[in-house]
Amino acid sequence: MIDMIKIDKDEVLTVSIVSQRLKGIIPEDYKWPNVPEGYQLEFIVHPDGTLIMDLLNPDRGMFISEAENVHFETPRTVKNAPLTWQDLEKAGVPFMS
């Protein structure tokens with residue numbers, strides 16, 4: 332049985348927190364995006380199961396992809412498989428669905 336880390340859905344995600352929790356799941360050389368002031372890292376699971384990464388400005392209630400039409404490369408696993416919500420859950424990284 333795999334131990335799960337308790338997820339705090341209200342936690343503000345920083346690159347530092349997420350990269351530490353996903354250590355060993357994604358390659359160490361993955362280039363995380365620069366997060367502008369006022370934004371936080373978010374992972375979103377779509378109904379079809381695909382996982383995307385975006386930056387959220389909680390004060391404006393807007394994702395940077397909507398405001399600036401930019402998209403981020405969601406990390407892949409060390410086995411080059413798509414990162415999944417199950418990977419995030421095991422690592423204690425909150426996500427939206």
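For the sequence shown, the positions run 332 to 428 when the working numbering is used. Where a beta carbon is used, it is the ideal one built from N, C-alpha and C, also for glycine.
Under the three-state reduction of DSSP, Leu344 is assigned to coil, being neither helix nor strand.
The region 360-403 contains, as complete beta strand (DSSP E) runs of 3+ residues, the segments 371-376 and 382-388 (chain order). Val409 and Arg391 have their alpha carbons spaced roughly 35 Å apart.
With fewer than three CB-CB distances shorter than 8 Å, the region 388-405 does not count as touching the region 344-358. Per the DSSP secondary-structure output, Arg407 pairs in a beta bridge with Pro413. Note on Ala422: 16 or more other CB atoms within 10 angstroms of its CB, so buried under the neighbour-count rule.
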